[in-house]
Amino acid sequence: MRFTIRPFTEADADGVASWRYPPPYDAYDVNEDPSMDDEMRDPDRWGASWFAVDDAESGELAGFLELVASESGSEAGTQEVEVGLGLRPDLTGRGAGVGFVNAALDFSRERSSPRSFALDVFPWNERAIRCYEQAGFERGEVYDRRFDNGNEVTFLRMARLP
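For the sequence shown, the working numbering gives the first residue as 2, with consecutive numbering after it.
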């Protein structure tokens, strides 16, 4: 499967918000994280940090991508880029993940010269972890993060060089 990436839109936000993953992956449903819904509906982020990923063949929305450069980078364009992404539920588990991740990384490299990439994943999501490892990411620390709504969630941090 090939992918194209473009600025996010309100229609994309509506589409992603309607996605429902089967258990235990339903933890990735947008309704589980209201702050994510707010972020993806912010037009100031569309094309700046939020992007739609389309199936290049059908033109249908296949996923989303969020790219955030760390503020700790020493020079503009050489920061660590935090990658957030999601693949449409009916496309998961079908071997499209590595191509999806690589398309996201290629797109990020076209926009800047990151010194590294990082992402967070639920430690129990071995399917995603295997995909990220195949895309060159390595496992890092497991940590807990508290969200604005008071929920505390455990993540595995993964990173790779560009």
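All residues carry an ideal CB built from backbone N, CA and C; glycine is no exception. All figures in this text were calculated on a predicted structure; none of them were measured in a lab.
#1: Which term fits Val84, buried or exposed, when burial requires 16 or more other beta carbons within 10 angstroms of its beta carbon?
#2: If we call anything under 9 Å between Cβ atoms a contact, is Phe52 one with Glu67?
#3: Taking Cβ positions, are Ser36 and Asp149 nearer each other than 9 Å?
#4: Out of Glu127, Ser50, Arg89 and Pro163, which has the shortest C-alpha to C-alpha gap to Ser19?
#5: With C-beta atoms as the reference, is Ile130 less than 9 Å away from Arg140?
#6: Quick one: using the 10 Å Cβ neighbour count with 16 as the cut-off for buried, is Val31 buried or exposed?
#7: Out of Leu62, Arg46, Ala57 and Pro24, which has the shortest C-alpha to C-alpha gap to Asp15?
#8: With a threshold of 7 Å on Cβ separation, who are the neighbours of Gly64 within its own chain once the five nearest residues in sequence on each side are excluded?
#9: Does Met159 come out as helix, strand or coil in the three-state DSSP assignment?
#10: Near Ile6, what residues of its chain come up, given a Cβ to Cβ distance below 6 Å and the 5 sequence neighbours on each side ignored?
#11: Buried or exposed: where does Trp125 fall if 16 or more other Cβ atoms within 10 Å of its Cβ makes it buried?
#12: Near Gly74, which residues of its chain fall below 8 Å by C-beta distance, leaving aside the five closest residues on each side in sequence?
#13: Kindly list the residues whose CB is nearer than 7 Å to the CB of Arg110, restricted to its own chain and excluding five residues on each side of it in sequence; keep chain order.
Let me lay it out:
#1: Here residue 84 corresponds to residue number 83 of the sequence shown, with the count starting at 1. So Val84 ends up on the buried side.
#2: Within the sequence shown, the letter at position 51 stands for residue 52. Within the sequence shown, the letter at position 66 stands for residue 67. Yes.
#3: In the sequence shown, the residue the question calls residue 36 occupies position 35. In the sequence shown, the residue the question calls residue 149 occupies position 148. A contact, by the Cβ cut-off of 9 Å.
#4: In the sequence shown, counting from the first residue as 1, residue 19 sits at position 18. Of the listed residues, the one whose Cα sits closest to Ser19 is Arg89.
#5: For this step, residue 130 is matched to residue 129 along the sequence shown. For this step, residue 140 is matched to residue 139 along the sequence shown. Yes, Cβ-Cβ distance for Ile130 and Arg140 is below 9 Å.
#6: Within the sequence shown, the letter at position 30 stands for residue 31. Burial call: buried.
#7: As a first step, residue 15 is located in the sequence shown; it is residue number 14 there, counting from the start. It is Leu62 whose Cα lies nearest to the Cα of Asp15.
#8: Working through the sequence shown from its first residue, we reach residue 64 at position 63. Same-chain partners within the cutoff: Val54, Leu86, Gly87, Leu88, Arg89 and Phe101.
#9: What you label residue 159 is simply residue 158 of the sequence shown in a count that begins at 1. If DSSP states are grouped into helix, strand and coil, Met159 belongs with the strands.
#10: Here residue 6 refers to the residue found at position 5 when the sequence shown is read from its first residue. So the list reads Phe52, Val54 and Phe108, once near-sequence residues are dropped.
#11: Here residue 125 is taken as the residue at index 124 of the sequence shown, counted from 1. That one is exposed.
#12: As a first step, residue 74 is located in the sequence shown; it is residue number 73 there, counting from the start. Confidence at Gly74 is low in this model, with a pLDDT of 49, below 50, so its placement is unreliable and no value can be given for it.
#13: Within the sequence shown, residue 110 is the residue found at index 109, counting from 1. Closer than 7 Å at the Cβ level, and outside the excluded window around Arg110, lie Pro163.
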